[in-house]
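Visitor: One structure, pasted below without further comment.
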Amino acid sequence: MLKATEAGGKILQQYFNGPFEVSSKSSLNDLVTEADKQSEKAIIEVIHSAFPDHFILSEEVGAIASESNIKWIIDPIDGTVNFANGVPICCVSIGVEKDGEMILGAVYNPFMNELFVAEKGKGATLNDKPIQVSKNGNFNQCLLVTGFPYKWEESLNNPMVVFERIIKMGLPVRRLGSAAIDLCWVACGRFDGFYEHHLQAWDSAAGFLIVEEAGGKVTDYNGNRYSPYQKTILATNGHIHQALQDLVNGK
Ligand code: IPD
Ligand code: CA
Ligand code: CA
Ligand code: CA
Numbered sequence: 010m011l012k013a014t015e016a017g018g019k020i021l022q023q024y025f026n027g028p029f030e031v032s033s034k035s036s037l038n039d040l041v042t043e044a045d046k047q048s049e050k051a052i053i054e055v056i057h058s059a060f061p062d063h064f065i066l067s068e069e070v071g072a073i074a075s076e077s078n079i080k081w082i083i084d085p086i087d088g089t090v091n092f093a094n095g096v097p098i099c100c101v102s103i104g105v106e107k108d109g110e111m112i113l114g115a116v117y118n119p120f121m122n123e124l125f126v127a128e129k130g131k132g133a134t135l136n137d138k139p140i141q142v143s144k145n146g147n148f149n150q151c152l153l154v155t156g157f158p159y160k161w162e163e164s165l166n167n168p169m170v171v172f173e174r175i176i177k178m179g180l181p182v183r184r185l186g187s188a189a190i191d192l193c194w195v196a197c198g199r200f201d202g203f204y205e206h207h208l209q210a211w212d213s214a215a216g217f218l219i220v221e222e223a224g225g226k227v228t229d230y231n232g233n234r235y236s237p238y239q240k241t242i243l244a245t246n247g248h249i250h251q252a253l254q255d256l257v258n259g260k
């Protein structure tokens, strides 16, 4: 897994200062760059050379299905809009699922030289050093992070309503532009909590395991145990989880 993450990270560094092709996907600002595609290609090559039969689910190519009970869930660049604009808050994110359970996760931001890794039951690390979520239990003094969807859909939980509640409480809230990094920064205690309304499996597969293994709590908005196939996510240090859950649900 780490070889694959490294291969993707190298591509991000090579392309970062451009020039590279950029095009739109589901909406004008839902971008994909040449670097997303090349990073994905490099990552899949590394995985396929070692495990030709494994199932792959990756943002730009979709599913490369197989009968294998091992599935690699890949985001070749999480934070593409940042990347396309030269903002170095972006990463490669790779999660490995076995029999439907996430067992390994790695998130690598080559621009900050930060590699987050977690193995189910064995804890989480940042550059090989163990990490822990924050200890803050005071919701009125916590630092939150969130993200917004590319496309406004009335049917989604309304992100503006939740945002308004937080701002009215005077709580500091950030929007980095990379869900995988948001999760890792909860895991290492920089943020106390993260919430987002509409993620895809590749955004959160690695990051949610990293938060859990760092002692945090990850659920959907209803408090159910999280799976990366759910759309809503709440990831916290555990202490403020109920308070954040109540807030997103307007209780
Ligand atoms: C996006 C980022 C962003 C989140 C979006 C994601 P991408 O992923 O994680 O923070 O708000 O929902 O789609 O497109 O940069 O891989
Ligand atoms: Ca994308
Ligand atoms: Ca993503
Ligand atoms: Ca992506």
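Position 138 (the sequence shown) corresponds to 147 in my numbering; numbering is contiguous. For glycine and all other residues, C-beta sits at the position ideal for the given N, C-alpha and C. Source: prediction; values computed, not measured.
Quick one: give me the first and last residue of the beta strand (DSSP E) that residue 79 is part of.
Guide: Here the question's residue 79 lines up with position 70 in the sequence shown. It spans 79–87 - the beta strand (DSSP E) in which residue 79 sits, taken as one unbroken run.
Visitor: Whole angstroms are fine: how far does the CA of residue 29 sit from the CA of residue 248?
Guide: Taking the first residue of the sequence shown as 1, we reach residue 248 at position 239. Taking the first residue of the sequence shown as 1, we reach residue 29 at position 20. Cα to Cα, residue 248 sits roughly 44 Å from residue 29.
Visitor: Verify the contact flag: residue 68, CB atom, against every heavy atom of ligand 2, threshold strictly below 7 Å.
Guide: On the sequence shown, position 59 is the one that residue 68 refers to. Flag set: Cβ of residue 68 near ligand 2.
Visitor: Would you say the beta carbon of residue 81 is closer than 7 Å to some non-hydrogen atom of ligand 3?
Guide: One-based indexing of the sequence shown puts residue 81 at position 72. No, since every heavy atom of ligand 3 falls outside the 7 Å radius drawn around the Cβ of residue 81.
Visitor: Give the straight-line distance between the Cα atoms of residue 50 and residue 83, rounded to the nearest whole angstrom.
Guide: Taking the sequence shown and counting its residues from 1, one reaches residue 50 at position 41. Taking the sequence shown and counting its residues from 1, one reaches residue 83 at position 74. The straight-line gap from Cα to Cα measures roughly 11 Å.
Visitor: So, using beta-carbon positions, are residue 244 and residue 257 closer together than 8 Å?
Guide: For this step, residue 244 is matched to residue 235 along the sequence shown. For this step, residue 257 is matched to residue 248 along the sequence shown. No. Outside cutoff.
Visitor: Would a C-beta distance cut-off of 8 Å place residue 195 and residue 93 closer than the cut-off?
Guide: Translated into positions along the sequence shown, residue 195 becomes position 186. Translated into positions along the sequence shown, residue 93 becomes position 84. Not in contact: residue 195 and residue 93 (Cβ atoms no closer than 8 Å).
Visitor: To the nearest angstrom, how far is the alpha carbon of residue 153 from that of residue 172?
Guide: Here residue 153 refers to the residue found at position 144 of the sequence shown. Here residue 172 refers to the residue found at position 163 of the sequence shown. Roughly 11 Å separates the two Cα atoms.
Visitor: Leaving out five residues before and five after residue 234 in sequence, what residues of the same chain have Cβ atoms less than 7 Å from its Cβ?
Guide: Indexing the sequence shown from 1 puts residue 234 at position 225. For residue 234, where only same-chain residues beyond five positions count, the Cβ hits under 7 Å are 228.
Visitor: Taking all protein chains shown into account, do 16 or more other C-beta atoms lie within 10 angstroms of the C-beta of residue 35, making it buried, or fewer, making it exposed?
Guide: Working through the sequence shown from its first residue, we reach residue 35 at position 26. Looking at its Cβ environment, which holds fewer than 16 other Cβ atoms inside 10 Å, residue 35 is exposed.
Visitor: Could you name the residues of the same chain whose beta carbon sits closer than 8 Å to that of residue 253, not counting the 5 residues immediately before and after it, in chain order?
Guide: In the sequence shown, counting from the first residue as 1, residue 253 sits at position 244. These residues qualify, in order along the chain: 148, 153, 202, 204, 243 and 245.
Visitor: Looking at C-alpha atoms only, which residue of 125, 210 and 174 is the closest neighbour of residue 69?
Guide: Taking the first residue of the sequence shown as 1, we reach residue 69 at position 60. Comparing Cα positions, the closest option is 210.
Visitor: Ignoring anything shorter than 3 residues or poking outside the stretch 195–243, list the beta strand (DSSP E) runs there in chain order.
Guide: With a minimum length of 3 residues, the continuous beta strand (DSSP E) runs that stay inside the stretch 195–243 are 202–205 and 226–228.
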